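Below: one structure, written as structure tokens.
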Ligand code: NAP
């Protein structure tokens, strides 16, 4: 079967680190064009300065992967759907839940495929954890998500603007795992968000969760964006059977009672593109709003503290 032609919109860090190499290596997709306000291309495919130029010039390209920041994504996705394209979206999907709801309804109305991705969910160790927790229940859960904003978002001022999520941009990856593996719903009980005095989004966030479970599991989470010693991306559970289940390396290593039971490399974006091909075959959309909903509650419930200025 001929490969499906896809265009990448927004050729920043994640497009260059993941989307373009994964498309290059894909059996299902081939890159047909990029859309870049700065004119960033890839290989010898055409580069357009706006999606409208792409849609006019290449009607045969009916798939787009939108890799912009979340604050502008609703407008890009709407425009793509209106132009008759099927759409893959980076995370976090949008800044607000109402925008996401609108995109779901609009895609359905126009009979287009809308695939809203959470890359951290594409790990076999995450799937195994979900099964374990479904079997044994959860007594406690602790998320620790610490990384360097200077390493992962170098010079990206949008992360510090309203709607840029701050440290909740990586933190929502933890929530995308957490909401996927938990066997019961969790809610934000309280949160503390620390904002650099000169910025609009938080650099450090602590959350305590609650649930409707009678055994009152203890659940909490901590995100920090100034960790320069390397990434700490872990979620540790104690199951109802007393076993310690720990996801490390962002969901790529699973330990049970200290022993590694599953460990694998990075196949997240290859998994996402495989899933997109599958959804396109079935003409089916896929959106999981739970991580964004939980993160919105963090902002709604959060107490605000002010910390030192942040400068690159
Ligand atoms: P980035 O390096 O700033 O790239 C985003 C690109 O979007 C820009 O380079 C620009 O590309 C385009 N763009 C269009 N409108 C824009 C606007 N108003 N402001 C800024 N850029 C605009 O950001 P990124 O790290 O790739 O992140 C993009 C998305 O991927 C975010 O939602 C993020 O959460 C997600 N993500 C990032 C990482 C990571 O490691 N950084 C990992 C996984 C997911 P052109 O100049 O080509 O138009």
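Residue numbers (my numbering): 1411 to 1722. Here a beta-carbon is modelled for each residue, glycine too, at the ideal position from N, C-alpha and C. Computed from a prediction, not measured in an experiment: that's the story for all the values here.
When you compare only the Cα positions, how much space is there between residue i and residue j?
i            : j            : result
residue 1551 : residue 1572 : 30 Å
residue 1489 : residue 1590 : 30 Å
residue 1458 : residue 1543 : 47 Å
residue 1723 : residue 1483 : It is not possible to answer for residue 1723, since the shown part of the chain is limited to 1411 through 1722.
residue 1471 : residue 1417 : 7 Å
residue 1422 : residue 1649 : 40 Å
residue 1559 : residue 1476 : 22 Å
residue 1699 : residue 1592 : 15 Å
residue 1440 : residue 1565 : 30 Å
residue 1460 : residue 1452 : 16 Å
residue 1468 : residue 1413 : 16 Å
residue 1474 : residue 1540 : 31 Å
residue 1574 : residue 1454 : 32 Å
Closest to residue i by C-alpha separation, out of the options, would be which residue?
i            : options                   : result
residue 1617 : 1611, 1624, 1625 and 1630 : 1630
residue 1677 : 1584, 1722, 1413 and 1436 : 1436
residue 1394 : 1464, 1656 and 1541       : No information on residue 1394 is available, as it lies outside the stretch 1411 to 1722 that the chain covers here.
residue 1599 : 1710, 1474 and 1659       : 1710
residue 1670 : 1449, 1511 and 1538       : 1538
residue 1713 : 1601, 1698 and 1691       : 1601
residue 1529 : 1658, 1586 and 1453       : 1586
residue 1450 : 1466, 1628 and 1419       : 1419
residue 1627 : 1612, 1633, 1647 and 1442 : 1647
residue 1682 : 1522, 1466, 1501 and 1444 : 1501
residue 1720 : 1445, 1577 and 1443       : 1577
residue 1633 : 1620, 1697, 1485 and 1660 : 1660
residue 1478 : 1462, 1424 and 1622       : 1424
Taking its Cβ as the centre, do 16 or more other Cβ atoms sit within 10 Å of residue i, making it buried, or is it exposed?
i            : result
residue 1643 : buried
residue 1610 : exposed
residue 1653 : exposed
residue 1563 : buried
residue 1614 : buried
residue 1694 : exposed
residue 1480 : buried
residue 1597 : exposed
residue 1504 : buried
Is residue i near ligand 3 - that is, is its Cβ less than 7 Å away from at least one heavy atom of it?
i            : result
residue 1447 : In terms of ligand content, the structure shown lacks ligand 3 and carries ligand 1 instead.
_Quick check: the segment 1633 to 1649 against the segment 1496 to 1515, are at least 3 beta-carbon pairs closer than 8 Å?_
no
contact_flag[the segment 1546 to 1561, the segment 1598 to 1606] where n(CB pairs < 8 Å) is 3 or more: no
> Do the segment 1566 to 1585 and the segment 1695 to 1706 touch if we need at least three Cβ pairs shorter than 8 Å?
Replying inline: yes
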